[in-house]
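K.L.:
Supplied in structure tokens, the structure appears directly below.
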Amino acid sequence: NILKMPDARLKIVADPFIDDNWARSRGLSTALDPESVFSDDEIEAALIFSPSPLHAEQIIAAARAGKHIFCEKPIALNPDRIRQALKVVAEEGVKLQVGFNRRFDPDFRRIKQAVASGEIGRLYLIKITARDPAPPPMEYVKGSGGMFLDMTIHDFDMVRYLSGSEVEEVYAAGAVLVDPAIGEAGDIDTAVTTMKLSNGALAVIDNSRQAVYGYDQRIEVFGSKGSIAAGNRTPTRTVLTTTDGVVADKPLVFFLERYQESFRAEIAEFIRSVRE
770 NILKMPDARL KIVADPFIDD NWARSRGLST ALDPESVFSD DEIEAALIFS
820 PSPLHAEQII AAARAGKHIF CEKPIALNPD RIRQALKVVA EEGVKLQVGF
870 NRRFDPDFRR IKQAVASGEI GRLYLIKITA RDPAPPPMEY VKGSGGMFLD
920 MTIHDFDMVR YLSGSEVEEV YAAGAVLVDP AIGEAGDIDT AVTTMKLSNG
970 ALAVIDNSRQ AVYGYDQRIE VFGSKGSIAA GNRTPTRTVL TTTDGVVADK
1020 PLVFFLERYQ ESFRAEIAEF IRSVRE
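In my numbering, the protein residues as written are 770 to 1045.
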């Protein structure tokens, strides 16, 4: 996505596992550690896609080097570390964008518009279903910070984004129903969260690490004048109807397919903000 942006030039990739041939074929320099990025005076912005436990320290280092920052979620795995990173960003006067790409999904933006404009009236309820097609590798689970910080965090963000309201109360229940190894790693793989918002509305999120039929991503928002919903993306929108029944495509399986538009849009927005 970055290589396709007309208003930015990708200069260097810091990754100990980078394919040097791939990088050279695209005119990119490579490095083993991010310090090479932070110390380069020609670089205006750093994009951080490292494992979650490294995000805060790299945000702080980039900010102190005067770089604008795009960082994948989460900023850190505990609130104190998040506040520390945000404090340094504010002190250095750089811009920080966190990778909540779903805010840039065209379907979800249409829902946001319907809520903000009053098209569906007073907001009553937000219902989000977010289920992965399969659990991530166990090593990823162990370093992810847990299901709520790694997966449900997107849905928490959607509730705040769509409602334009803050969360006042949270009730959650989790279980290990998909893979016992996830429980042995101290995590859960299935969860339901109920929230009460400051505007009086309610939100319900259901999550699972495994939906055998595909990447299940649905949102419905209900209000005093109506409702608006976004369903799953499928390879085609065709529906076959015969005497045997009605058949439609299963949802897309890979998150990069489902949210490809939003991933491009969030990077474009970051580049635009840096160029302002």
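Every residue gets a Cβ at the ideal spot worked out from N, C-alpha and C, and that includes glycine.
Would you kindly work out how many angstroms separate the C-alpha atoms of Leu797 and Leu855, rounded to a whole number?
P.N.:
Here residue 797 corresponds to residue number 28 of the sequence shown, with the count starting at 1. Here residue 855 corresponds to residue number 86 of the sequence shown, with the count starting at 1. Cα-Cα distance, rounded: 30 Å.
K.L.:
Would you mind reading off the limits of the beta strand (DSSP E) that contains Asp956?
P.N.:
Along the sequence shown, one-based indexing puts residue 956 at 187. Neither: Asp956 is in no beta strand (DSSP E) and is coded neither H nor E.
K.L.:
Between Thr963 and Tyr930, how many whole angstroms is the CB-CB distance? I'm expecting something under 8 Å.
P.N.:
Residue mapping note: residue 963 aligns to position 194 of the sequence shown, counting from 1. Residue mapping note: residue 930 aligns to position 161 of the sequence shown, counting from 1. The pair is not a contact, with the Cβ atoms about 18 Å apart (cut-off 8 Å).
K.L.:
Exposed or buried, Gln986, counting other C-beta atoms within 10 Å across all chains shown (16 or more means buried)?
P.N.:
Taking the first residue of the sequence shown as position 1, residue 986 is located at position 217. Buried is the call here.
K.L.:
Select from Asn968, Ile895, Glu888 and Ala980 the residue whose C-alpha is nearest the C-alpha of Phe1024.
P.N.:
Residue numbering aside, residue 1024 sits at position 255 when the sequence shown is read from its first letter. It is Ala980 whose Cα lies nearest to the Cα of Phe1024.
K.L.:
Could you give the C-beta distance for Lys896 and Ala954, rounded to a whole number, given that I count them as a contact under 8 Å?
P.N.:
On the sequence shown, residue 896 is found 127 positions in, with the first residue counted as 1. On the sequence shown, residue 954 is found 185 positions in, with the first residue counted as 1. Rounded, the Cβ-Cβ distance is 29 Å, inconsistent with contact.
K.L.:
Give me the DSSP bridge partner(s) of Glu989.
P.N.:
The residue labelled residue 989 in the question sits at position 220 within the sequence shown. For Glu989, which the question treats as bridged, DSSP gives the partners Lys896 and Ala998.
K.L.:
Which residue comes first and which comes last in the alpha helix (DSSP H) that contains Ile828?
P.N.:
Position 59 of the sequence shown, counted from the first residue, corresponds to residue 828. Residues His824 to Arg833.
K.L.:
Quick check: the Cα distance between Gly943 and Arg900, rounded to an integer number of angstroms?
P.N.:
The residue given as residue 943 occupies position 174 in the sequence shown. The residue given as residue 900 occupies position 131 in the sequence shown. Going by the C-alpha atoms only, they are around 14 Å apart.
K.L.:
With a CB to CB cut of under 8 Å and the five nearest residues on each side skipped, what residues in its chain are close to Tyr909?
P.N.:
In the sequence shown, counting from the first residue as 1, residue 909 sits at position 140. Excluding residues within five positions, none has a Cβ falling inside 8 Å.
K.L.:
Please name the residue in Asp874, Phe877, Glu826 and Pro875 whose C-alpha comes closest to that of Arg852.
P.N.:
The residue given as residue 852 occupies position 83 in the sequence shown. Taking only the C-alpha atoms, the option nearest Arg852 is Glu826.
K.L.:
Determine the direct distance from the alpha carbon of Ile1036 to that of Arg795, and round the result to whole angstroms.
P.N.:
Reading the sequence shown from its first residue, position 26 is the one you call residue 795. Reading the sequence shown from its first residue, position 267 is the one you call residue 1036. Taking the straight line from one Cα to the other gives about 19 Å.
K.L.:
Could you tell me the alpha carbon to alpha carbon distance between Pro775 and Glu888, rounded to whole angstroms?
P.N.:
Position 6 of the sequence shown, counted from the first residue, corresponds to residue 775. Position 119 of the sequence shown, counted from the first residue, corresponds to residue 888. Using only the alpha carbons, I get a separation of about 36 Å.
K.L.:
Near Pro1004, which residues of its chain fall below 6 Å by C-beta distance, leaving aside the five closest residues on each side in sequence?
P.N.:
The residue labelled residue 1004 in the question sits at position 235 within the sequence shown. Only Asp1018 meet the Cβ criterion.
K.L.:
By a C-beta neighbour count over all protein chains shown, 10 Å radius and 16 as the cutoff for buried, is Val1008 buried or exposed?
P.N.:
The residue labelled residue 1008 in the question sits at position 239 within the sequence shown. Result: exposed.
K.L.:
Spatial neighbours of Phe873 within its chain, please: C-beta separation below 6 Å, excluding the five flanking residues on both sides.
P.N.:
Residue numbering aside, residue 873 sits at position 104 when the sequence shown is read from its first letter. Taken in chain order, the residues that qualify are Ser1031, Ala1034 and Glu1035.
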